[in-house]
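Adding 7 to a residue's 1-based position in the sequence shown gives its number in this note's numbering.
C-beta atoms are modelled at their ideal positions from N, C-alpha and C, and glycine is treated no differently.
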Amino acid sequence: MNILGYFQKVGRALMVPVAVLPAAAILMGIGYWIDPNGWGGDSALAAFLIKAGAAVIDNMSVLFAVGVAYGLSKDKDGAAALSGLVGFLVVTTLLSPAAVAQIQSIAPGDVPFAFNKINNQFVGILVGIISAELYNRFSSVELHSALAFFSGRRLVPIVVSVVMIIVSFILMAIWPVIFGGLQSFGETISGMGEVGAGIYAFFNRLLIPVGLHHALNSVFWFDVAGINDIPNFLSGQTGIDAGSAVIGKTGMYQAGFFPIMMFGLPGAALAIYRAAKPENREKVASIMLAAALSSFFTGVTEPLEFSFMFAAPLLYVVHALLTGVSVFFAASMQWMAGFGFSAGLVDMALSSQNPLAVKWYMLIVQGLAFFAIYYFVFTALIKGLNLKTPGREDAQENGSKATASADAGQLATQYVNALGGIDNLEVIDACITRLRLTLKDRSIINETELRALGAMGVVKLGDNNLQVIIGPQAESIASRMKAVK
Numbered sequence: 008m009n010i011l012g013y014f015q016k017v018g019r020a021l022m023v024p025v026a027v028l029p030a031a032a033i034l035m036g037i038g039y040w041i042d043p044n045g046w047g048g049d050s051a052l053a054a055f056l057i058k059a060g061a062a063v064i065d066n067m068s069v070l071f072a073v074g075v076a077y078g079l080s081k082d083k084d085g086a087a088a089l090s091g092l093v094g095f096l097v098v099t100t101l102l103s104p105a106a107v108a109q110i111q112s113i114a115p116g117d118v119p120f121a122f123n124k125i126n127n128q129f130v131g132i133l134v135g136i137i138s139a140e141l142y143n144r145f146s147s148v149e150l151h152s153a154l155a156f157f158s159g160r161r162l163v164p165i166v167v168s169v170v171m172i173i174v175s176f177i178l179m180a181i182w183p184v185i186f187g188g189l190q191s192f193g194e195t196i197s198g199m200g201e202v203g204a205g206i207y208a209f210f211n212r213l214l215i216p217v218g219l220h221h222a223l224n225s226v227f228w229f230d231v232a233g234i235n236d237i238p239n240f241l242s243g244q245t246g247i248d249a250g251s252a253v254i255g256k257t258g259m260y261q262a263g264f265f266p267i268m269m270f271g272l273p274g275a276a277l278a279i280y281r282a283a284k285p286e287n288r289e290k291v292a293s294i295m296l297a298a299a300l301s302s303f304f305t306g307v308t309e310p311l312e313f314s315f316m317f318a319a320p321l322l323y324v325v326h327a328l329l330t331g332v333s334v335f336f337a338a339s340m341q342w343m344a345g346f347g348f349s350a351g352l353v354d355m356a357l358s359s360q361n362p363l364a365v366k367w368y369m370l371i372v373q374g375l376a377f378f379a380i381y382y383f384v385f386t387a388l389i390k391g392l393n394l395k396t397p398g399r400e401d402a403q404e405n406g407s408k409a410t411a412s413a414d415a416g417q418l419a420t421q422y423v424n425a426l427g428g429i430d431n432l433e434v435i436d437a438c439i440t441r442l443r444l445t446l447k448d449r450s451i452i453n454e455t456e457l458r459a460l461g462a463m464g465v466v467k468l469g470d471n472n473l474q475v476i477i478g479p480q481a482e483s484i485a486s487r488m489k490a491v492k
């Protein structure tokens, strides 16, 4: 498998642990609403909810190890998740400061500071990847009859335990260097302040077509390079100690997305609708309205973005630039809000009583301005350059999008047929809004038919990897596709 295709798999696996964040955000958000002043100090119920949410946030590193191991496993078996947990415990125990001091026969005070930070998401992801590869390699191994009990999946945690001892000793030598590099990167971006936040947001959007934005997000949103923006914000804790949250700063890698997802992209949707040919507007209206509402309420933007991403790439670059500007501006004004899932209305409401939310309502004002900017800029570019956004295609290109009044099972069968049949599908998976596929022969797929079925975009990665963007129903369709015989 090529490197880009493998990164696609890792990006998909990262969504497994990230998917638990909304639960933490809801619990903590309700807790802050109940007790906006004491943050759990004046209400037992609020304290209960905030602590329950913190149980997820404070253990993201082990969730990454378990989730990535499960997500990358070939058959999504619980043994893979158990192996990730075992591997993480071995590594973090052997590389704890006390263990390093004992193994290296040095004073505890002489242990490099890097080992105080061994329990982090970067190590969790690394352990998860290694554990998954070991699971995929050894889960089918059959041992001699005398040891048959330890064959197959039972063998994997044992193998992982041994391999992680070796990994631990390798990390004992190189982790201080890796940590130093990650810390320098985080300090460089943090040192750039609002500009760094804007640069991050620009690349966040640019990487969406290939699904690698999850890897970038882990650097800025979690404790990979010392930034840890989402957990710090959700914790609601403030202080002046190194690594603690800071009012007006924590949330700067999140806040500026709200004006884009709640207002900017709906403005783009209106521009695309208004620019469509009169005979196509009714059809375009239904697509744009559904995508705009999804973006506004939940922050799920891919259905809307993929509607113009490939049809008019210039618009997508402009969208990425405007996103960078929005995040930069919100950070500069210190208007802060955060999210556990994405920057939609639901997360804005939940985070509004967070102690670290600063003038969050000004993000709505900023959003109204970005609605106008997106609408007028997109309108000018679409009409001025005659861009082929939805509803402006030439007659021969303007096929009928999914007459699929078919049920989900029939639709799944139609997707399988358009992808060359079930025998052409080696891996079928999904990630929120897109099918993630590995094909035997990508040349035999029918892209025209995929779009007729409702696909908003098709992304080709490497020689045989394919992403089909179909919206929030991707998970259910993927499940039904696996059942097609």
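7 Å CB neighbourhood of residue i in its chain, flanking five on each side removed
| i | result |
| --- | --- |
| E454 | V465 |
| I247 | Legend: pLDDT at I247 = 41, less than 50; position of this residue unreliable, value from coordinates given subsequently. For I247, where only same-chain residues beyond five positions count, there are no Cβ hits under 7 Å. |
| R281 | T386 |
| S349 | M268, T305, G306 and V307 |
| A276 | M295, A298, A299 and L311 |
| W40 | Q360 |
| D436 | R19, R443 and A485 |
| G255 | Q341, M343 and V365 |
| D354 | A32, G306, F346, G347 and F348 |
Residues near residue i by beta carbon distance below 8 Å, same chain, minus five either side
| i | result |
| --- | --- |
| V507 | Lying outside 8 to 492, the shown extent of the chain, residue 507 is not represented and no answer is given. |
| F157 | L150 and I165 |
| G203 | T195, I196 and S197 |
Residues near residue i by beta carbon distance below 6 Å, same chain, minus five either side
| i | result |
| --- | --- |
| G205 | G331, V334 and F335 |
| I451 | G427 |
| N239 | A252 and T257 |
| G416 | R487 |
| A106 | none |
| A481 | A437, T440, R441 and L442 |
| F378 | F270 and G274 |
| S50 | I41 and D42 |
Cβ-based burial, residue i [other Cβ within 10 Å; buried from 16]
| i | result |
| --- | --- |
| S138 | buried |
| D448 | exposed |
| I136 | buried |
| T445 | buried |
| Q403 | Because Q403 sits at a pLDDT of 42, beneath the cut-off of 50, its placement in the model cannot be relied upon, and the point is left open. |
| M199 | exposed |
| H151 | exposed |
| G271 | buried |
| K489 | exposed |
| L154 | exposed |
| R212 | buried |
| L79 | buried |
| Q111 | exposed |
| N393 | exposed |
| K16 | buried |
| G113 | Note that residue 113 corresponds to Ile in the displayed sequence, not to Gly. It is exposed - the Cβ of I113 has fewer than 16 other Cβ atoms within 10 Å. |
Short Cβ contact (9 Å threshold) for residue i with residue j
| i | j | result |
| --- | --- | --- |
| R399 | A283 | yes |
| A419 | V475 | no |
| V23 | G85 | no |
| G4 | A54 | Residue 4 lies beyond the range of the chain shown here (8 to 492); nothing can be said about it. |
| L1 | F71 | The question about residue 1 has no answer here: the residues shown for the chain are numbered 8 through 492. |
| L363 | G347 | no |
| G345 | A278 | no |
| L328 | L388 | no |
| V69 | G131 | yes |
| E201 | S293 | no |
Rounded C-alpha distance that separates residue i from residue j
| i | j | result |
| --- | --- | --- |
| G233 | N123 | 13 Å |
| G459 | A425 | Before going further, note that residue 459 is Ala rather than Gly in the sequence given. C-alpha separation (whole angstroms): 10 Å. |
| E286 | P397 | 12 Å |
| S3 | L241 | The first residue shown for the chain is 8 and the last is 492, placing residue 3 beyond what the model contains. |
| T440 | S301 | 11 Å |
| V27 | G391 | 44 Å |
| F209 | F303 | 20 Å |
| S146 | G116 | 42 Å |
| S103 | I237 | 25 Å |
| I380 | M259 | 22 Å |
| F186 | A337 | 30 Å |
| G188 | W182 | 10 Å |
| F313 | P216 | 8 Å |
| K81 | G159 | 14 Å |
| Y77 | Q109 | 33 Å |
| G193 | F265 | 23 Å |
| A30 | I64 | 10 Å |
| V434 | M67 | 27 Å |
Inset, instruction - Say whether the segment 307-325 touches the segment 221-240, bearing in mind that this needs 3 or more beta-carbon pairs closer than 8 Å, one atom from each stretch. - result: Output reads no: the segment 221-240 does not touch the segment 307-325.
Inset, instruction - Answer yes if the segment 91-107 comes into contact with the segment 164-178, meaning at least three C-beta pairs across the two stretches below 8 Å, and no otherwise. - result: Yes, they touch.
Legend entry - Touch test, the segment 160-169 against the segment 82-90, Cβ-Cβ under 8 Å, three pairs minimum: Segments in contact, yes.
Legend entry - Cβ contact (3+ pairs, closer than 8 Å) linking the segment 100-120 and the segment 47-62: Output reads no: the segment 47-62 does not touch the segment 100-120.
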